[in-house]
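Chemist: Below is one structure. I have some questions about it.
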Amino acid sequence: MRIAVAAGGGVGGSLQAVGEDGAPAGGVEEVPDLVSAIALRERDSAPRWVWPSTARLYPRLLAAGVRVSRCHDLELVESLLLGHAGRYGEPRSVAAAWARLRGEPVPADPPPPREDAAQPSLFDDDAGREASADDLGQIVAVHAEQQRAVAGLGGFALLAAAESAGALVAAEMAHDGLPWSAAEHDALLTELLGPRPTGGLRPRRLQDLADRVSAAFGPRVHVNPDSPAQIIRAFASAGLPIPSTRAHVLRQLDHPAVPLLLEYKELARLHAAHGWTWLDTWVSGGRFRPEYVVGGVVSGRWATSGGGALQIPRVLRKAVVADPGWALVVADAAQLEPRVLAALAGDRAFSEAAAHGDLYAALSDAFHDDPDGKRSARDKAKIALLSAMYGGGTADAVQLLAVLKSRFPQAFEYVEAAARAGERGLLVRSRLGRTCPPPSAGWRELTSAGDDDAPGPRGGTAAQALRGRGRFTRNFVVQATAADWALALLASLRRRLTALGPPRLVFFQHDEVIVHSPADLAEEVAGAVRAAAQEARALLFGDTPVVFPMEIAVVDRYADAK
Numbered sequence: 001m002r003i004a005v006a007a008g009g010g011v012g013g014s015l016q017a018v019g020e021d022g023a024p025a026g027g028v029e030e031v032p033d034l035v036s037a038i039a040l041r042e043r044d045s046a047p048r049w050v051w052p053s054t055a056r057l058y059p060r061l062l063a064a065g066v067r068v069s070r071c072h073d074l075e076l077v078e079s080l081l082l083g084h085a086g087r088y089g090e091p092r093s094v095a096a097a098w099a100r101l102r103g104e105p106v107p108a109d110p111p112p113p114r115e116d117a118a119q120p121s122l123f124d125d126d127a128g129r130e131a132s133a134d135d136l137g138q139i140v141a142v143h144a145e146q147q148r149a150v151a152g153l154g155g156f157a158l159l160a161a162a163e164s165a166g167a168l169v170a171a172e173m174a175h176d177g178l179p180w181s182a183a184e185h186d187a188l189l190t191e192l193l194g195p196r197p198t199g200g201l202r203p204r205r206l207q208d209l210a211d212r213v214s215a216a217f218g219p220r221v222h223v224n225p226d227s228p229a230q231i232i233r234a235f236a237s238a239g240l241p242i243p244s245t246r247a248h249v250l251r252q253l254d255h256p257a258v259p260l261l262l263e264y265k266e267l268a269r270l271h272a273a274h275g276w277t278w279l280d281t282w283v284s285g286g287r288f289r290p291e292y293v294v295g296g297v298v299s300g301r302w303a304t305s306g307g308g309a310l311q312i313p314r315v316l317r318k319a320v321v322a323d324p325g326w327a328l329v330v331a332d333a334a335q336l337e338p339r340v341l342a343a344l345a346g347d348r349a350f351s352e353a354a355a356h357g358d359l360y361a362a363l364s365d366a367f368h369d370d371p372d373g374k375r376s377a378r379d380k381a382k383i384a385l386l387s388a389m390y391g392g393g394t395a396d397a398v399q400l401l402a403v404l405k406s407r408f409p410q411a412f413e414y415v416e417a418a419a420r421a422g423e424r425g426l427l428v429r430s431r432l433g434r435t436c437p438p439p440s441a442g443w444r445e446l447t448s449a450g451d452d453d454a455p456g457p458r459g460g461t462a463a464q465a466l467r468g469r470g471r472f473t474r475n476f477v478v479q480a481t482a483a484d485w486a487l488a489l490l491a492s493l494r495r496r497l498t499a500l501g502p503p504r505l506v507f508f509q510h511d512e513v514i515v516h517s518p519a520d521l522a523e524e525v526a527g528a529v530r531a532a533a534q535e536a537r538a539l540l541f542g543d544t545p546v547v548f549p550m551e552i553a554v555v556d557r558y559a560d561a562k
């Protein structure tokens, strides 16, 4: 059962039952309290809710203590369908989809919702501005058209459901928050940087390093380590010209300022990205609540619009602490993308190798350890496999890749075919149908017939652009399918955790999840994670011999999981 939802300008709204094909299955029902109406129907029948945007509506339901089991997110599904049609990035709102249906000018998408502005528009009678009402007729019509389009695309129904489930997870994680000790965070910053500064001054440790950097260039030289231009001039004056201040460039220099600069850059990055200001902004009530963006990367990986949840420095993982009597169940999929390639390609020998716990070790018998012990056979297998998926690599990596190519030709032909398609300007897709963006008009002009053979810079640039597109599509088919698998994992795990009760998904990053659970349920949660991984494997790849093992740790602190 599906119910279309249109939020009104205040606390009310309208509902209408629709069939799986999107056709109306009942009359329009106006409800004075939309949240209560959704809560009642969720308890009675747990329908799949059809609404314009989970990110806009669901936080309001969560704030009122209402959770739903399923939804169809019209904006996310519209974006997926546009991508499949080679129109990635076009407006995806219900108004835009409605305009396309009618052949009318397509409006731009509204700005994304703001967490602090979401609740008043629905619940507060005294809100400063009244939210615009959704159009139920448009919602029903757009949903019906989406269902018609999805039905003609194999696997796409699962992708639409998984993406929509991911949106529910993202909103719930932002609502529940990742357990975070502000006191522990402050202590770590104080240990690394010195006491919290005031008045915009540098922390004591950074100022000390800045003074020592200047002193390293001479007694009367002042160098601001935050200024790349000053650093470059200082090294040039010392007879060491450099093109940039990137860490790998600095490490090639023999100068006493180099270790000081490298330490300064690392600590300054911590202070700027996750210092006291970040702590004040993003952590409250013992929880870190980032703003996740489902499908924020073209491959389907998530992004964040605030909080930097996907870039938590390892040193700050000590601040992620379970509540008393609770535990963190930290799980990540071991060697996910190589295993996805094995399952995608259908190469029997490669799939058999991926049927074991350590894929790189299973492939290592094709190589030999270096006599000097510098690299093991396993290291070489890893280099070769990553080169196959991501393209490029050193001459040595190309030689190692040739060994695996000869052994697993079907697997490597899979990514080679994706690369060739990209170089021809074609689209490639994930297992479930997520589609890469088309090349830009500038790329097509640059790489038009014959330009790659042209003499001079233009020919070289064209060839470089072709190779770059090929590397992108080579990796896309693997990374996007890994994102498909991760979404299926999230949807399955969320359902299983709901059955357990208190445990909550509180963190997700590409191939890693964290569940905050009562300690006495931690082992059941670990079992739920493993079962969800197996369900995701079966949903995407059927009866494949490839396994997707989850490395699971039950800890009090995130830092103890690795």
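So the sequence shown is residues 1 to 562, counted in the UniProt record's numbering. We put the beta carbon where it would ideally sit given N, CA and C, even for glycine.
If you follow the beta strand (DSSP E) that residue 35 is part of, which residue opens it and which one closes it?
Modeler: Note, residue 35: premise wrong, no beta strand (DSSP E); alpha helix (DSSP H) at 34-45.
Chemist: Tell me which residue opens and which closes the alpha helix (DSSP H) that residue 282 is part of.
Modeler: Element bounds for residue 282: 276-282.
Chemist: Taking the straight line between their C-alpha atoms, what separation do you get for residue 102 and residue 555?
Modeler: Approximately 55 Å, taken between the alpha carbons.
Chemist: How long is the line joining the alpha carbons of residue 282 and residue 372, rounded to whole angstroms?
Modeler: Spanning the two alpha carbons is a distance of roughly 49 Å.
Chemist: Quick one: Cα of residue 321 to Cα of residue 330, how far?
Modeler: Residue 321 and residue 330: Cα-Cα distance of roughly 12 Å.
Chemist: Looking only at DSSP bridge pairs, what is residue 435 linked to?
Modeler: In the DSSP output, where bridge partners are listed per residue, residue 435 has 429.
Chemist: Can you check the stretch 54-101 for any beta strand (DSSP E) of at least 3 residues that lies completely inside it and give the ranges in chain order?
Modeler: The stretch 54-101 contains these whole beta strand (DSSP E) runs: 70-73.
Chemist: Which one or two residues does DSSP pair with residue 288 in a beta bridge?
Modeler: BP columns for residue 288 point to 178, 283.
Chemist: Return the first residue and the last residue of the beta strand (DSSP E) that residue 328 is part of.
Modeler: Element bounds for residue 328: 326-333.
Chemist: So who's on the other strand from residue 30, going by DSSP bridges?
Modeler: According to DSSP, which records beta bridges pairwise, residue 30 is partnered with 14.
Chemist: At 3 residues or longer, what runs of the beta strand (DSSP E) sit wholly inside the stretch 162-224?
Modeler: The stretch 162-224 contains no whole beta strand (DSSP E) run of 3 or more residues.
Chemist: Could you give the distance in angstroms between the alpha-carbon of residue 410 and the alpha-carbon of residue 349?
Modeler: For residue 410 and residue 349, the distance between alpha carbons rounds to 9 Å.
Chemist: Could you work out which residue in 528, 509, 511, 510 is closest to residue 517 when comparing CA atoms only?
Modeler: Checking every option, the nearest Cα to that of residue 517 belongs to 528.
Chemist: Can you tell me whether DSSP reads residue 485 as helix, strand or coil?
Modeler: Note: residue 485 maps to helix in three-state DSSP.
Chemist: Mapping DSSP to helix, strand and coil, what is residue 550?
Modeler: Of the three classes helix, strand and coil, the one that applies to residue 550 here is strand, per DSSP.
Chemist: Could you spell out where the beta strand (DSSP E) holding residue 516 opens and where it closes?
Modeler: Taken as a continuous stretch (DSSP letters only), the beta strand (DSSP E) holding residue 516 covers 512-518.
Chemist: With distances taken Cα to Cα, identify the nearest neighbour of residue 174 among 54, 274, 253.
Modeler: If we check each option's Cα against that of residue 174, 54 comes out closest.
Chemist: Could you name the residues of the same chain whose beta carbon sits closer than 6 Å to that of residue 553, not counting the 5 residues immediately before and after it, in chain order?
Modeler: Excluding residues within five positions, the ones whose Cβ falls inside 6 Å are 330, 561.
Chemist: By the 10 Å Cβ neighbour count, where 16 or more other Cβ atoms means buried, how is residue 8 classified, buried or exposed?
Modeler: Classification for residue 8: buried.
Chemist: With distances taken from CA atoms, which of 266, 480, 148 is nearest residue 297?
Modeler: The residue with the shortest Cα to Cα distance from residue 297 is 480.
Chemist: So what does residue 507 bridge to, in DSSP terms?
Modeler: For residue 507, which the question treats as bridged, DSSP gives the partners 514.
Chemist: Is the distance from the Cβ of residue 182 to the Cβ of residue 270 below 8 Å?
Modeler: Contact: no.
Chemist: At the level of alpha carbons, what is the spacing between residue 15 and residue 2?
Modeler: Their Cα atoms are separated by approximately 10 Å.
Chemist: Return the Cβ separation of residue 327 and residue 339 in integer angstroms, given the expectation that the two are a contact with Cβ distance under 8 Å.
Modeler: Their Cβ separation, rounded to whole angstroms, is 27 Å, which puts residue 327 and residue 339 out of contact at 8 Å.
Chemist: Which of the three DSSP states is assigned to residue 304 in this structure?
Modeler: Note: residue 304 maps to strand in three-state DSSP.
Chemist: Which residues does DSSP list as the beta-bridge partners of residue 443?
Modeler: DSSP, once it has assigned bridges, lists no residue as partnering residue 443.
Chemist: For the stretch 185-196 against the stretch 221-232, do three or more pairs of beta-carbon atoms, one drawn from each stretch, fall closer than 8 Å, so that the two count as touching?
Modeler: The answer is no - the stretch 221-232 does not touch the stretch 185-196, with fewer than three Cβ pairs under 8 Å.
Chemist: Among the residues of its own chain, which have a CB less than 7 Å from the CB of residue 13, if the five just before and after it don't count?
Modeler: Around residue 13: 5, 6, 7, 31, 34.
Chemist: Using 8 Å as the Cβ pair cut-off and three pairs as the minimum, do the stretch 459-467 and the stretch 504-516 touch?
Modeler: Flag = no, the stretch 459-467 and the stretch 504-516 do not touch.
Chemist: Pick helix, strand or coil for residue 141, following the three-state DSSP scheme.
Modeler: In this structure, residue 141 counts as helix in the three-state DSSP scheme.
Chemist: In the DSSP assignment, find the alpha helix (DSSP H) that holds residue 528 and state where it starts and stops.
Modeler: Note, residue 528: alpha helix (DSSP H), 522-541.
Chemist: When the Cβ atoms of the stretch 243-250 are set against those of the stretch 163-171, are three or more pairs found closer than 8 Å?
Modeler: No: the two stretches stay apart, fewer than three of their Cβ pairs being nearer than 8 Å.
Chemist: Would you mind giving the Cβ-Cβ distance between residue 522 and residue 317, rounded to the nearest angstrom? I have them listed as a contact below 8 Å.
Modeler: Their Cβ separation, rounded to whole angstroms, is 18 Å, which puts residue 522 and residue 317 out of contact at 8 Å.
Chemist: Rounded to the nearest angstrom, what separates residue 557 and residue 504 at their Cα positions?
Modeler: Their Cα atoms are separated by approximately 16 Å.
Chemist: For the stretch 58-67 against the stretch 78-85, are there 3 or more C-beta pairs whose distance is under 8 Å?
Modeler: Flag = no, the stretch 58-67 and the stretch 78-85 do not touch.
Chemist: Could you pull out every unbroken alpha helix (DSSP H) segment of at least 4 residues lying fully inside the stretch 226-268, listed in chain order?
Modeler: Counting only runs of 4 or more, we get 228-237, 247-250.
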